[in-house]
C-alpha cells in the first residue's frame, strides 16, 4: 500500500446562491485520505460536511452549488492524478460509481421505487464494465452475498418497497461496491436507521473496507459513531474545518472549543450508573444550569394506563370490510406518578408514539383504560375531552412541523389560552410574554414567524405553548431527536428544570437509550407494540432481563474507540409482521416481577 | 413529512430557508419580464372593464351603417378613428371588445369564485372529518369529474336556456369538484401534519382547526387553481356562446363576437381575429400568473426564484 | 380482481345516472314533440308523433320502457328521421335506430382524436422533459410560454384562423369536410394545441419533482449519464401524472371535439350532438350523450387500471397498510 494520499482536498470553497447573494457552505477546507483509511467528517447541520463530499463527486451543481475555488486531487486508476474540480462530465461519469462509490442517508428513498433491485444494481455494472445483464446479475448476486443479505436471489427480482430499511442500506452498499471503488463516501449512512440496524451496518462497513481495501469518507453528526468507525477525524463547524487528528486524540484531548462542546453534549450510556434520579446534561458555557439538583417524584399516581390496545383496520373487498388489523399496540399498562418521568423507549414500529397519541386521545384506542388524575379519559365526551386536554399536553418531535408556518409565535403560544378562554385582551399577550421568559426566549420573538427561528428555538416555543395552560402532564414524543446534539442538551435541561419547578410529569418517548438514561425515573422498553420490560432506570440499565433490552443496550455506539464492531455484522433478521387477519386474538401477555417494580414479559416475543 | 431531504440540503438550509417577504415577491415579479407583462395586461384589463363607460372611445351598440366593416386603423365617414376597425353594423371593435370583456371576465371570475368557495368548503371539511361524509362527497366528486363537462354544460344550458346567470350556475355546478378534490387532498395532508395534531392537543375545535389553522396554509395552491379556473371558464364561456348556448345577444361577449364575425371571415378577418386574441391574451396572462405563483410558493423549488449569485 | 369489478360497477352506475338525468331533464323543458316540430306544425302531426313515440304514456312508463330498451341496445328512433307525419303509418320507411346514427359517427371522431394525440403526446412529453432538465433556462421559458399558449387559445378560434390562413389565403388545405389525409391536418392541429400544452406542463412539473428526490442523486453517483437519469429514472417515476393527463385529454378530445368538428364540418359525434340539440331531437341527443359518456367513462377506467401496471407497489398488491 502506497503512502501517497488517494485524494487530496486543498482549500475547497463551495458556494450556494441565496436571497442575500452567494452563501459559502464550505470555506477553505483541506484534508487528505490515504488508501484504505477511514476518515470521518463530523459536524452538526449547517457544518458543510455533506457538501464537501458531494463536491468531490461534482454533485453540488445539481442542487445549485458551485465550487468557487480549491483543488480536489484524486489518484485515478486510469488517468493518474486529476483535479476533480475541473474534470469534464465524461471523466466524472467514469469516476462516479466506478472509482468512487457513494452511500446515502435514507435507504428507503435512495433507490428508484420503480425498478427492481437487480435492474438498479446491473445498471452500474453495465455502465462501467460493459457487462450484459446476465453477467451483471451474477456479479450482483456475489455482491449481495458480500453484504450478507438473506435470500439474495429473491432480492434481485424485488422492488425497494418490498425490503426493510436495513436491507435496502445493504443493497445500496453493495451497489456502491460493485466496481470495486478505491474510495467509498458514506453520507450519514445510519442516521435514518434503528440503533440495532445501525450497529449491523456500521460493522458491515468496517468489515468490507478491510476485505476490499477501499478507503472510506464517513460523514456523521454522531461522535459515538465516529469513535467506532474512524481512523482519523475532521471536525467541521459552520463550513470550516475546526480540528483534525487521529480519532483517539480527538476523543481524548480535543483542542478546539467546539469539539469539546460536541463531545460534552453527547450523553454517554452508563454514566448515570448508580444514581437514582435524573440529572441535568452538561452544557458548555451554560452555568445557569449548575443547580443540577435531582428531582424526586411523589408516590401519588397522575396517570394510569390499563391494557391499552390500538389496532388500525385494513379494509378490503367489495363492502370495504375489515379484513385485517395492524396491531400497533397490545395490552399496554403502566402508571406515572406526580413529578415523575416515565420513558417509553424502542425502535421504529415499536408503538411508542402510538401509545402517546392514544393516551391523549388524539387517536381513539381500540380498547383499554386511561385514568388521568381520577378521570376516565376514554369515557369523556368530545367536549369534555377538549377541556381535559388543558391538563395533558404534548410536545412533538418535529420542531419544523409542529408550529403553524403561517402564524406569529405570539398567536401560536396564545392558541391554548384562546381555546380554553383563560385570559382576555391584553392579558393574553402578558401571559405569553411570561412564557417566553420562562423558556428563555427573547420577547421580541413573539412577533416573528417560525421560519425565522432555529430548530432549538422552535422547540422552546413548542414547550412554551404546552406550558401555557399549566398542564400537570406532558407527553414528549421524540421531543429532542430532531435537534443537533448541543441544542438537545439545552432543551432537555429546560424540560428537567420545568419539572423541578412546576412539578410536571412526563411521558418521555424516545429511541435514544443514552438520553433516556439521563432523564428518566422509570423506563418501559417497547418492541412490536408490547412493553417487554418495565422498571426503574437503574433496574433497566443496570440489570436488563429481556433479550431485546440487552440487544438494544449493546447496539448503542459508545465513545470508546477500542471496541471491535465487526462481529456485529449479523445477517439481517426478519421481524414478525404486526398485521394479522381480522378476528386474530394475541395471547394474553404474562409478566414476571423480577424485583419490586421491575417486570419482564415472559410469554411472547422471546 | 417531506421525503426529499438529504444531508446536503441540511447543510445549505441557511441558503434555502430564507424568509420571503412581500417585497421579495414584488422584486421577483419585476425580474421576471414575462410574468410582469402578464400582470400589467391583467391590470389594464381590470381598469378597462371597470371604467368601460369612460374609457371606451365609442358606444358599443350605436349603429352607423356608413362605417360598416372598416378595417383596423381606418377613419370613419365623420372622421372617427377606429383602432381595430368596425363590424357590419359600423360599431367600433375596440369599444365592443372592452364591453365584451365585462361579460367574459365577470362570468369567469364569478363562476370560479362561487365554485371555489363551495369546493374548498366541502373539500376541506371532507378531508379533515373523513368517514361517511368524506365517502359521499368524494363519490360525488369522482362521479361528476368523470363526466364530459362541456357536453353536460351544453345539455343543461339547452334545458335551462342560455344567459349570464344560467352560465354561472352551470359553471359552479360543474367546477366545484375541482376545488373539492384539491382541498380534500390538502386537508388530508394537513390532517397528518404535526401542527394540526398540535392544534388538536391544544384544545382547538374542528372548525377552528380547518378554517384558522389549515386554510391559511393551503391558500397558495387554491389561489393557483382559482387563477387557472378563471382562464378555463373564460374559454368555456367563449365556446358555449359561440355555439349559441351561452351569453345571448345583444350582450357583447367575446365568444359571441367571434360567432357573429364568422360569416364575414373571408372579407373582414378582424371581426374574428381580435376577440380571439383578447381571449387568448387574457387566458395566457392568467396562466402565466398562476404558473409563477405556483413556482414561488413551492417550498422545494422556490429558492431558485429568489437566489442571487 | 375485486378492485377491477368494483371499478366497472362504479362506472356503470355513473352511466346509468347520466342517462337517467338526461332523460328526465329532457322532459322538463316541455312537450318533446312540440319542441321538435315547432309551433307551426299541425295538431295532427304533433299528436301523431306523440302517439307513435309513446309520449302519451305516463313519464314513469316511458322511463322504464326507455331503460329497458337500452339494456337490449335499443335507444329508440330519431323524431326527425324516424317517424312519418302521415296518420296511416307509425314508423317511416327510413327509420334508423339512433344508436346506429351515433355509432356511424364514431370512427370520424376517433380518427381526429387519434391524430391529435399522436402529435400531442410525443411532442408534449419531449417539451416537458427538456424544460425540466434545465429549469429556468431559455428552453424552459420557451416551453412554459408555448405550453401555456396552447392551453390559453380558444380552439374553435384557432381553427377559424388556420382556415383563413392555410385554406382561404394560401389555399393549401381544404376548409373542412371529411376526406383523406389533407382533411385531417387542420382539425387535428387545432385539437392538438391544448393537449400539447397540458402534457408538457404536467411532464415538466412531475419530472422536476422527481429530479429533486434522493434516488436521483444515487443514480448520478453511480455514473449514470444525465440523459438517462432524466429519461429513464425520472420519467418512469413521473409516468402516473402524465398518463392521467393523457387520459384526461383523450376524454376532452372525445367531447371537446364538438366545436372543432363544427368549425371544420367534420362529421363526428360532436357535430351530431350540435345538430340534434339545435333540432331538439331528444332520442338522438340522449343516445349521443350516452355514447360519449360511455367512451369517457371507459377512458377513465383504462387510466385507472394503467396505474396498476405503472406502479409496482400497487401491482404487487402492497396497498393499504
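Protein chains in written order, with the UniProt record's numbering: chain A, 1 to 606; chain B, 1 to 309; chain C, 1 to 321. Quick reminder that beta carbons are idealized off the backbone N, C-alpha and C, glycines included. Here the structure is a predicted model, which is why all the values come from computation and not from measurement.
The Cβ atoms of residue 97 of chain A and residue 221 of chain C lie closer than 8 Å to each other. Between residue 217 of chain A and residue 33 of chain A, the C-beta gap is smaller than 8 Å, which places the two residues in contact.
Boundaries of the beta strand (DSSP E) harbouring residue 313 of chain A: 301-316, taken from the DSSP string. At a cut-off of 8 Å, the C-beta of residue 10 of chain C has no neighbouring C-beta in chain A. Rounded to whole angstroms, the gap between the alpha carbons of residue 264 of chain B and residue 258 of chain B is 10 Å. Taking C-beta atoms under 8 Å as the contact rule, residue 522 of chain A and residue 535 of chain A qualify, at a distance of about 7 Å. CA-to-CA, the gap between residue 560 of chain A and residue 216 of chain C works out to about 37 Å. Exposure of residue 69 of chain A is indicated by the presence of fewer than 16 other C-beta atoms within 10 angstroms of its C-beta. Non-local C-beta neighbours of residue 173 of chain C in its own chain, meaning closer than 7 Å and more than five positions away in sequence, comprise 166, 167, 182, 185 and 186, ordered along the chain. Annotation for residue 246 of chain A: the continuous beta strand (DSSP E) segment containing it runs 240-246. Residue 194 of chain A is not a Cβ neighbour of residue 39 of chain A, given a cutoff of 8 Å. Residue range 270-297 is occupied by the alpha helix (DSSP H) that includes residue 276 of chain B, with no beta strand (DSSP E) assigned at that position. Rounded to whole angstroms, the gap between the alpha carbons of residue 157 of chain C and residue 273 of chain B is 8 Å. Residue nearest to residue 242 of chain B within the set B:298, B:279, B:98 and B:199 is B:279 (criterion: CA-CA distance). By DSSP's assignment, residue 43 of chain A forms no beta bridge with any residue. If you draw a straight line from the Cα of residue 516 of chain A to the Cα of residue 601 of chain A, it comes to about 20 Å. Contact of residue 270 of chain B with chain C is not assigned, every C-beta pair being separated by 8 Å or more. Exposed is the label assigned to residue 61 of chain C, since fewer than 16 other Cβ atoms lie within 10 Å of its Cβ. Close to residue 135 of chain C, with beta-carbon spacing below 9 Å, are these residues of chain B in chain order: 301 and 304.
In this structure, the straight-line span from the alpha carbon of residue 136 of chain C to that of residue 204 of chain B is close to 42 Å. When the five nearest sequence neighbours on each side are left out, the beta carbons in the same chain lying within less than 7 Å of the beta carbon of residue 106 of chain C are those of 269, in order along the chain.
Under the three-pair Cβ rule at 8 Å, the region 67-86 of chain A does not count as touching the region 144-152 of chain A. When the Cα atoms are used, residue 497 of chain A and residue 261 of chain A turn out to be separated by approximately 21 Å. When beta bridges are read from the DSSP output, residue 438 of chain A appears opposite no residue.
Chain-order list of chain B residues neighbouring residue 161 of chain C: 272, 273 and 276, by C-beta distance under 8 Å. A check of alpha carbon separations from residue 45 of chain B across B:88, B:125 and B:100 identifies B:100 as the nearest.
The C-alpha of residue 213 of chain B is placed about 35 Å away from the C-alpha of residue 247 of chain C. A straight-line Cα-Cα distance of about 22 Å links residue 21 of chain B and residue 37 of chain B. Between residue 392 of chain A and residue 473 of chain A, the CB-CB gap stays under 8 Å. When Cβ pairs closer than 8 Å are counted between the two stretches, the region 136-150 of chain B is seen not to touch the region 215-231 of chain B, the count staying below three. Under DSSP, residue 599 of chain A forms a beta bridge with A:534 and A:593. Comparing alpha-carbon positions, the option among A:29, A:126 and A:5 lying closest to residue 74 of chain A turns out to be A:5. A straight-line Cα-Cα distance of about 7 Å links residue 209 of chain B and residue 196 of chain B. For the region 45-57 of chain B, the set of residues with a beta-carbon nearer than 9 Å to any beta-carbon of chain C is empty. Against chain C, a Cβ distance below 7 Å from residue 111 of chain A picks out 215 and 218.
The contact set of residue 175 of chain A on chain B, defined by CB atoms closer than 8 Å, is empty, because the minimum CB distance reaches about 17 Å.
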